[in-house]
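Here the protein sequences come in this chain order: W and C. Going letter by letter, the first sequence gives residues 4 to 122 in the working numbering. Going letter by letter, the second sequence gives residues 98 to 288 in the working numbering. Before any comments, here is the structure.
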Amino acid sequence: MTVLTPHTRADAPHHDQTNYVAIWGVLCALLGISIVGPMFGVRLLTLVTAFGIAIVKAYIVCAYFMHLKIEKKWVAYILGFMLALMLVFFGGTAPDVLERDGQQWRKTYVEPATLGGER
Amino acid sequence: MTSRPIATTRSVMGVPTGRLAVWWVLASEIVLFGGLLGSYVMLRLRHDAWADQSANTSTWAGGFNTLVLLTSSLLAVLAHQAAERGDGQKAARLLRYTILGGGVFLMVKALEWTHEIQAGFTITSNLFWSFYYMVAGLHAAHVVAGMVMMFIVSLTAARNEELHRVENVGIYWHFVDVVWIFLFPLLYIAK
């Protein structure tokens with residue numbers, strides 16, 4: 004156990020010189036791309052610009068603003084484990100939700116027609 | 098002799114107890130929002146008709162709110178930087194600007210919801226709108242909680258006391274920002 008003085012940190016980070024405004028500028032540029040990209044109406048481009056860039060933006064905020072880059076490694080492991088649990092939840096339930104037919108059940112609900120046709 | 102909270106003076110495994118508590122809170126929040134977003138993605142993939150519903154959300158309002166939250170995150174990390182330099186007054190001022198950012202976010206959200214409800218899209222309209230109001234509402238509640246906590250922290254920071262709390266509340270605020278970064282494409286862009 005370490006005893007800290009009121010205004011010091013145990014792991015003494017050295018991120019005081021980080022140019023946070025530049026990082027914010029990068030995040031804003033990525034936001035612009037994520038808005039403009041889907042306007043072309045190309046499905047793959049939408050996926051990459053909207054969701055791919057969301058992952059990059061989230062990484063930048065976590066690494067630099069939340070300082071996970073210099074935080075103790077096991078903190079990232081805890082958060083990563085929680086994300087992995089979500090993947091288990093998704094993988095375990097998605098097949099039931101996404102399947103249109105099953106061996107033990109019959110779907111009686113009729114999907115409404117979409118305005119833009121089948122996507 | 099005055100006593101200090103244990104979160105201020107003790108460090109377990111190299112992370113101060115107060116900050117460690119924030120990380121554990123966020124770990125539980127990942128499961129909360131992750132479960133909701135995972136369910137949303139599953140149903141969104143399954144039901145093509147949801148795309149027609151999401152076409153009624155305003156991309157520009159969502160984009161503007163993303164910009165507001167990113168900017169407020171910048172202010173929160175600058176407050177942390179000021180706190181590390183021992184400048185509590187500057188940290189408190191920057192935290193109040195961050196609160197202002199949260200206020201702008203909520204105001205835009207309120208205008209957006211008013212417009213959508215007036216157009217007939219309510220929480221009971223269908224499953225898409227149920228998810229929309231549920232997830233965005235839960236996120237907005239986290240924004241409000243963050244604003245209240247930042248205000249309390251700014252009061253002590255202004256007196257140059259308990260400056261470690263500036264970082265702790267900042268970490269929470271950045272998480273709220275990260276959640277919105279994923280909500281934005283899911284609710285506003287995937288149409």
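Note that CB positions come from ideal geometry on N, CA and C, so glycine has one too.
Report task. Taking C-beta pairs closer than 9 Å, name the residues in chain C that A32/W reaches, listed in chain order. Result -> Those within 9 Å of A32/W in chain C number zero; the least Cβ separation is about 11 Å.
Query raised in the report: Near L33/W, which residues of its chain fall below 7 Å by C-beta distance, leaving aside the five closest residues on each side in sequence?
Result: Counting only Cβ-Cβ distances below 7 Å, and skipping sequence neighbours, we find I56, V59, K60.
Report task. Thinking S169/C and G199/C are a contact (beta carbons under 8 Å), I'd like their distance in whole angstroms, please. Result -> Confirmed, Cβ separation roughly 6 Å.
Query raised in the report: Does H271/C get closer than 9 Å to chain W when you measure Cβ to Cβ?
Result: With 9 Å as the cut-off, H271/C counts as an interface residue toward chain W.
Query raised in the report: In whole angstroms, what is the alpha-carbon distance linking Y230/C and L140/C?
Result: The alpha-carbon atoms of Y230/C and L140/C are separated by roughly 16 Å.
Query raised in the report: Unbroken beta strand (DSSP E) runs of length 3 or more, entirely within the region 59-89 of chain W: which are they?
Result: Within the region 59-89 of chain W, no run of beta strand (DSSP E) reaches 3 residues while sitting entirely inside it.
**Report entry** Any alpha helix (DSSP H) of 4 or more consecutive residues that is wholly inside the region 140-190 of chain C
**Finding:** The region 140-190 of chain C contains these whole alpha helix (DSSP H) runs: 147-151, 156-181.
Query raised in the report: Considering only residues of the same chain and omitting the five flanking positions on each side of L30/W, which have a CB-CB separation below 8 Å?
Result: Non-local beta-carbon contacts of L30/W in its own chain, meaning distances under 8 Å to residues more than five positions away in sequence, involve K60, I63, V64 in chain order.
Query raised in the report: Can you tell which of D274/C, L142/C, N153/C has its C-alpha closest to the C-alpha of Q215/C?
Result: Comparing Cα positions, the closest option is N153/C.
Requested in this report: Could you please give the first and the last residue of the uninterrupted alpha helix (DSSP H) stretch that includes M246/C?
Outcome: M246/C -> alpha helix (DSSP H) spans 224-254.
**Report entry** Where the region 198-224 of chain C meets chain W: residues whose CB sits under 8 Å from a CB there
**Finding:** Listed by position, the residues of the region 198-224 of chain C near chain W (Cβ gap below 8 Å) amount to none.
Query raised in the report: Can you tell me the Cα-Cα spacing of V138/C and W147/C, whole angstroms?
Result: Rounded to whole angstroms, V138/C to W147/C spans 11 Å at the Cα level.
Requested in this report: Taking G160/C as the query, report the chain W residues whose CB atoms sit under 9 Å from its CB, ordered along the chain.
Outcome: Result: L34, G35, S37, I38.
Query raised in the report: Which partner residues of P113/C appear in the DSSP bridge assignment?
Result: For P113/C, which the question treats as bridged, DSSP gives the partners S108/C.
Requested in this report: Could you name the residues of chain W that R190/C contacts, counting a contact when the two beta carbons are closer than 9 Å?
Outcome: Within chain W, no residue comes near R190/C; the closest Cβ sits about 16 Å away, beyond 9 Å.
**Report entry** Interface flag, Q178/C vs chain W, CB-CB below 9 Å
**Finding:** Taking 9 Å as the threshold, the shortest C-beta distance from Q178/C to chain W falls below it.
Query raised in the report: How would you list, in chain order, the residues of chain C whose beta-carbon sits under 8 Å from the beta-carbon of Y23/W?
Result: For Y23/W, the chain C residues whose C-beta falls within less than 8 Å of its own C-beta are L171, V174, L175, Q178, listed in chain order.
Requested in this report: Using a cut-off of 7 Å between C-beta atoms, extract the partners of K75/W located in chain C.
Outcome: Correct list: M110, G111, V112.
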